[in-house]
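In this note's numbering, the protein residues as written are 1 to 202.
Note that beta-carbon positions come from the ideal geometry of N, C-alpha and C, so glycine has one too.
Before any comments, here is the structure.
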């Protein structure tokens, strides 16, 4: 039988004092500690020894995620390009950093990075911003995905109603495009993929 726990979080997305007392201190978490966690209904990530627990996504977040997932997955399947998954899914970027992106794509060329336990570095990652995760997605994860060598990073902003696409060039991320309502977002990696921003976000 799978053991289940309910992990409490504080307003800043950190484990409560009562929970922390049962596990390693923040800053001292290892991958082994992370993978020993019992099953929970929370999104839990590991970054540089810190356990990061995100509140459950909103209905709007889930609707946007599904809209975009279907478009990307259908394109990838039609053209037999690889595999597409969505959160919850452990993605090991490099030692000590495990994230659960909203949507990920792995090309056929890199299928060997997929294991039963977790995915290795995907070719493309999508994050949908929320009020509690915007800084993490735009700053911390931005540089983690860059360091890991993720070829393309999408940031979907429901508040500004935009989709931004960053591509890896010469060991840095450059803006491939930023699109709003009435425009069509595109991918450099998935050449030919076109996403109607209004249909995804509205």
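Let's test the definition: count the other Cβ atoms within 10 Å of the Cβ of residue i and tell me whether it reaches 16, buried, or not, exposed.
{"i": "residue 80", "result": "exposed"}
{"i": "residue 144", "result": "buried"}
{"i": "residue 175", "result": "exposed"}
{"i": "residue 105", "result": "buried"}
{"i": "residue 202", "result": "exposed"}
{"i": "residue 199", "result": "exposed"}
{"i": "residue 70", "result": "exposed"}
{"i": "residue 6", "result": "Confidence at residue 6 is low in this model, with a pLDDT of 44, below 50, so its placement is unreliable and the value that follows should be read with caution. It counts as exposed."}
{"i": "residue 24", "result": "exposed"}
{"i": "residue 102", "result": "buried"}
{"i": "residue 136", "result": "buried"}
{"i": "residue 195", "result": "buried"}
At the level of alpha carbons, what is the spacing between residue i and residue j?
{"i": "residue 190", "j": "residue 27", "result": "37 Å"}
{"i": "residue 95", "j": "residue 141", "result": "15 Å"}
{"i": "residue 125", "j": "residue 100", "result": "10 Å"}
{"i": "residue 156", "j": "residue 43", "result": "18 Å"}
{"i": "residue 60", "j": "residue 159", "result": "11 Å"}
{"i": "residue 181", "j": "residue 128", "result": "16 Å"}
Closest by CA to residue i, which one among the options?
{"i": "residue 178", "options": "188, 192, 171, 163", "result": "163"}
{"i": "residue 40", "options": "29, 55, 48", "result": "55"}
{"i": "residue 123", "options": "134, 148, 135, 25", "result": "148"}
{"i": "residue 110", "options": "187, 83, 31", "result": "83"}
{"i": "residue 167", "options": "154, 159, 135, 161", "result": "154"}
{"i": "residue 87", "options": "57, 107, 196", "result": "57"}
{"i": "residue 172", "options": "132, 90, 152, 97", "result": "152"}
{"i": "residue 120", "options": "185, 196, 91, 139", "result": "91"}
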